[in-house]
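Chemist: Below: one structure in structure tokens.
Residue numbers (our numbering): 25 to 316.
Right, dumping it as structure tokens:
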């Protein structure tokens with residue numbers, strides 16, 4: 025990707041995703057899987073599944089009784105997964121700033137250029153689920169639908185700013201309850217103009233109610249920092265963000281991640297858009313910027 029200079033946009037705010045969207049991209053408009061076919065596959069995976077709506081093949085939704093949202097009055101309602109209809113895909117919705125962070129998809133520009141249609145998957149009435157259950161449901165729904173659509177070229181995830189090919193997603197290196205993290209979190213890398221400073225942050229955990237992470241540093245290998253970020257994301261995700269402001273986590277040395285080198289964490293607003301709460305990780309002698 026060509027190096028571009030961007031300015032911070034403090035008006036762009038990231039919010040918890042009450043509905044989580046996944047955009048499947050295609051060269052041509054295709055045929056959606058039949059509702060009954062999808063229902064049968066969902067039942068095999070999740071047990072009782074009700075078809076909620078199938079409006080002239082424009083919107084299909086299913087209630088999955090494995091995933092029950094409990095409300096304050098004690099009522100339990102099944103979360104839903106949805107599939108919308110094919111519609112024209114406007115690639116201009118993905119701006120140059122977002123495209124600069126498609127690190128996992130080096131052929132992103134060529135993919136986007138040839139995709140003229142999208143089919144959107146989402147959840148519904150699922151925001152009240154425990155986040156790990158919700159993420160497991162989303163990953164399973166995506167995997168199931170991709171199995172029916174070999175003509176899908178790629179999937180764009182607005183909440184994480186990630187673009188991945190169908191093949192990458194079907195070969196998801198994360199297992200079991202962590203599968204969401206492969207597409208739901210993007211580690212981003214920025215250089216600070218006019219200095220040797222760098223910023224690595226993650227984008228995506230905010231969408232399910234967890235903090236992203238951030239590093240403002242100099243003098244470290246960005247690949248090591250990105251690896252540290254993804255490992256920290258797994259720890260946050262598996263343990264419901266257990267690190268408090270002022271506490272430390274294992275840092276990086278020439279040995280790799282090193283328990284003997286502790287880096288202090290604190291919660292603050294993100295340096296890089298979108299505005300959101302992040303866990304800032306201070307990398308000791310490699311730290312840049314002011315910290316109290």
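Yeah, the Cβ is synthetic: ideal placement off N, Cα and C, and Gly gets one too. Please read all numbers here as calculations on a predicted model, not as lab measurements.
From the DSSP output, which residues share a beta bridge with residue 303?
Modeler: As a working mapping, residue 303 is identified with position 279 in the chain shown. 237, 291, per the DSSP bridge assignment.
Chemist: Tell me the DSSP secondary structure of residue 309 in three-state form.
Modeler: Residue 309 sits at position 285 when you count from the first residue of the chain shown. Reduced to three states, the DSSP call for residue 309 is helix.
Chemist: In terms of residues, what are the limits of the alpha helix (DSSP H) holding residue 267?
Modeler: For the purposes of this step, residue 267 is taken as residue 243 along the chain shown, with counting starting at 1. It is not in any alpha helix (DSSP H) - residue 267 carries neither H nor E in the DSSP assignment.
Chemist: Based on the DSSP output, what are the partners of residue 112 in its beta bridges?
Modeler: The residue given as residue 112 occupies position 88 in the chain shown. Looking at the DSSP assignment, residue 112 forms a beta bridge with 141.
Chemist: Which runs of the alpha helix (DSSP H) at least 4 residues long sit entirely within the region 185-228? Give them in chain order.
Modeler: The qualifying runs are 190-194, 204-208.
Chemist: For residue 227, count neighbouring Cβ atoms within 10 angstroms of its own Cβ and tell me buried if that reaches 16, exposed if not.
Modeler: Numbered from 1 along the chain shown, position 203 holds the residue referred to as residue 227. Counting Cβ neighbours within 10 Å, residue 227 comes out buried, since at least 16 surround it.
Chemist: With 16 other CB atoms within 10 Å as the buried threshold, where does residue 119 fall?
Modeler: Residue mapping note: residue 119 aligns to position 95 of the chain shown, counting from 1. With fewer than 16 Cβ atoms within 10 Å of its Cβ, residue 119 is classed as exposed.
Chemist: What residues are listed by DSSP as bridge partners for residue 181?
Modeler: Position 157 of the chain shown, counted from the first residue, corresponds to residue 181. Paired residues: 186.
Chemist: Per DSSP, residue 275 forms a beta bridge with which residues?
Modeler: Here the question's residue 275 lines up with position 251 in the chain shown. Partner(s): 282.
Chemist: Thinking C-beta only, is residue 129 closer than 9 Å to residue 50?
Modeler: By one-based count along the chain shown, residue 50 stands at place 26. By one-based count along the chain shown, residue 129 stands at place 105. No, the Cβ-Cβ distance between residue 50 and residue 129 is not below 9 Å.
Chemist: Suppose you measure from the CA of residue 223 to the CA of residue 217; what does that come to, to the nearest Å?
Modeler: Within the chain shown, the letter at position 199 stands for residue 223. Within the chain shown, the letter at position 193 stands for residue 217. Taking the straight line joining both Cα atoms gives about 11 Å.
Chemist: Within 10 angstroms of the Cβ of residue 113, are there 16 or more other Cβ atoms? Answer buried if so, exposed if not.
Modeler: Counting from one through the chain shown, the residue named residue 113 turns up at place 89. It is buried - the Cβ of residue 113 has at least 16 other Cβ atoms within 10 Å.
Chemist: Whole angstroms is fine: what's the gap from residue 149's alpha carbon to residue 242's?
Modeler: In the chain shown, the residue the question calls residue 149 occupies position 125. In the chain shown, the residue the question calls residue 242 occupies position 218. Taking the straight line joining both Cα atoms gives about 43 Å.
Chemist: Mind reading off the beta-carbon distance from residue 135 to residue 48? Whole number of angstroms is fine, and I expect it under 8 Å.
Modeler: The residue you call residue 135 lines up with position 111 of the chain shown. The residue you call residue 48 lines up with position 24 of the chain shown. With 8 Å as the limit, residue 135 and residue 48 do not qualify as a contact, their Cβ atoms being about 12 Å apart.
Chemist: Count the other C-beta atoms from every protein chain shown that fall within 10 angstroms of the C-beta of residue 256, then say buried if there are 16 or more, exposed otherwise.
Modeler: If you number the chain shown from 1, residue 256 lands on position 232. It counts as buried.
Chemist: For residue 160, collect the residues of the same chain with a Cβ closer than 6 Å to its Cβ; drop the 5 residues on either side in sequence, then sort them by chain order.
Modeler: As a first step, residue 160 must be located in the chain shown, where it is residue number 136. Correct list, in chain order: 201.
Chemist: Kindly indicate which residue of 297, 293, 298, 284 has the alpha-carbon position closest to the one of residue 307.
Modeler: Start at 1 with the first residue of the chain shown, and residue 307 comes out as number 283. Selected option, being the one with the closest Cα: 284.
Chemist: Considering only the beta carbon of each residue, do residue 232 and residue 208 sit closer than 9 Å?
Modeler: In the chain shown, counting from the first residue as 1, residue 232 sits at position 208. In the chain shown, counting from the first residue as 1, residue 208 sits at position 184. Yes. Within cutoff.
Chemist: For residue 95, count neighbouring Cβ atoms within 10 angstroms of its own Cβ and tell me buried if that reaches 16, exposed if not.
Modeler: Your numbering for residue 95 matches position 71 in the chain shown. The residue is exposed, with fewer than 16 neighbouring Cβ atoms inside 10 Å.
Chemist: Report yes or no: is there a C-beta of chain D within less than 9 Å of the C-beta of residue 236?
Modeler: Among the protein chains of the structure shown there is no chain D, as only one such chain exists.
Chemist: Would you grab the beta carbon distance between residue 140 and residue 52 for me? Rounded to a whole angstrom, and I think it's under 8 Å.
Modeler: As a position in the chain shown, residue 140 is number 116, starting the count at 1. As a position in the chain shown, residue 52 is number 28, starting the count at 1. That belief holds up - the Cβ atoms of residue 140 and residue 52 are roughly 7 Å apart, short of 8 Å.
Chemist: Rounding to the nearest angstrom, what Cα-Cα distance links residue 292 and residue 272 in this structure?
Modeler: Looking up residue 292 in the chain shown gives position 268. Looking up residue 272 in the chain shown gives position 248. Their backbone Cα atoms lie some 15 Å apart in a straight line.
Chemist: Pick out whichever of 68, 69, 109, 54 has its Cα sitting closest to the Cα of residue 77.
Modeler: Taking the first residue of the chain shown as 1, we reach residue 77 at position 53. The shortest Cα separation from residue 77 among 68, 69, 109, 54 belongs to 109.
Chemist: Residue 185 and residue 212: beta carbons closer than 9 Å?
Modeler: The residue you call residue 185 lines up with position 161 of the chain shown. The residue you call residue 212 lines up with position 188 of the chain shown. Yes, they are a contact pair.
Chemist: What three-state label does DSSP hand residue 57 in the structure shown?
Modeler: Within the chain shown, the letter at position 33 stands for residue 57. Coil, per DSSP.
Chemist: Does DSSP classify residue 102 as helix, strand or coil?
Modeler: Along the chain shown, one-based indexing puts residue 102 at 78. Note: residue 102 maps to strand in three-state DSSP.
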